[in-house]
Amino acid sequence: MLALQFGGASDKAVQGDYTGDGKADIAFWRPSTGNWFVLRSENLTFFAFPFGASSDVPVPGDYDGDGKWDAAVFRPSSSTWFAQRSGGGTLIQQFGTSSDQPLPNAFIP
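All residue numbers for the sequence shown refer to my numbering, where the first residue is 4 and numbers rise by one.
As structure tokens, then:
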């Protein structure tokens with residue numbers, strides 16, 4: 004059994020397979036900075052990157068169908084989805100209303 008501390012109390016869990024190895028990676032999104040932190044399942048090293056604003060809702064998933072999860076957020080103020088595709092480029096799509104509750108999943112365009 005593996006036990007470790009990764010992240011803080013105000014961070015949002017966003018685990019998923021960000022590296023494409025078929026295993027879920029421990030990951031969190033820090034609303035205060037908009038930074039994502041991913042602990043690789045294959046070697047327990049981590050990487051971090053900025054994506055999103057403090058008022059966003061994290062909605063990670065495989066938005067480009069390449070087998071790797073993408074960092075994504077829903078911005079209620081504009082009902083806009085933003086996904087940083089691991090295969091390249093950023094998806095920006097307005098959909099829904101500000102009171103909607105986004106349900107992230109693996110989406111293939």
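Beta carbons are placed, not taken as given, at the ideal position from N, Cα and C, and that holds for glycine.
Would you please state the rounded distance, in angstroms, between the beta carbons of residue i and residue j? I believe it to be under 8 Å.
i: Asp-65; j: Asp-73; result: 6 Å
Shorter than 8 Å from the beta carbon of residue i to some beta carbon of chain D?
i: Gly-91; result: In the structure shown, chain D does not exist; there is a single protein chain.
Tell me whether residue i is buried or exposed, calling it buried when 16 or more other Cβ atoms sit within 10 Å of its Cβ.
i: Ile-29; result: buried
i: Thr-100; result: exposed
i: Gln-87; result: buried
i: Gly-25; result: exposed
Return the residue from the list the options that minimises the CA-CA distance to residue i.
i: Leu-7; options: Thr-93, Gly-23 and Leu-42; result: Leu-42
i: Ala-16; options: Val-76, Ser-81, Ser-82 and Ser-80; result: Val-76
i: Gly-55; options: Ser-89, Phe-85 and Glu-45; result: Phe-85
i: Phe-9; options: Thr-36, Phe-50, Gly-37 and Ser-35; result: Phe-50
Given a cut-off of 8 Å, decide if residue j and residue i are closer than it, judged by their beta-carbon atoms.
i: Gly-19; j: Pro-63; result: yes
Length at least 3, wholly inside the stretch 29 to 92: the beta strand (DSSP E) runs in chain order:
Along the stretch 29 to 92, the beta strand (DSSP E) occurs as fully enclosed runs of 3 or more residues at 29 to 33, 38 to 42, 49 to 53, 74 to 78 and 83 to 87, listed in sequence order.
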